[in-house]
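Read through the structure below, which is laid out as structure tokens, and then see the notes.
In the numbering used here, the protein residues as written are 5 to 66.
Below, the structure is given as structure tokens:
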């Protein structure tokens, strides 16, 4: 089975990057608004960031 992979669009890349950076930032500092939720569920936030990036690579036009 062959997959046709495509580079993610800039909005998908930026959303994925924002979620990942927020999850990493909660390791070192307090992040207002979403920091408490992300610091509690840091693993799942990183998994969501990689899932968003994966969807952007696998599905063309996303």
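Ideal Cβ placement from N, Cα and C applies to all residues, glycine included.
Please read these numbers as outputs of a predicted model, since none were measured by experiment.
- Query: When you compare only the Cα positions, how much space is there between residue 54 and residue 26?
  - Reply: One C-alpha to the other measures close to 13 Å.
- Message: Using a 10 Å radius around the Cβ and a threshold of 16 neighbouring Cβ atoms, would you call residue 60 buried or exposed?
- Response: buried
- Task: Please list, in chain order, all residues of the same chain as residue 7 whose beta carbon is under 7 Å from its beta carbon, the five residues on each side excluded.
- Result: 62
- Query: Do you know how far the Cα of residue 24 is from the Cα of residue 30?
  - Reply: 10 Å
- Item | Range of the contiguous alpha helix (DSSP H) that encloses residue 36 | Note, residue 36: premise wrong, no alpha helix (DSSP H); not H, not E.
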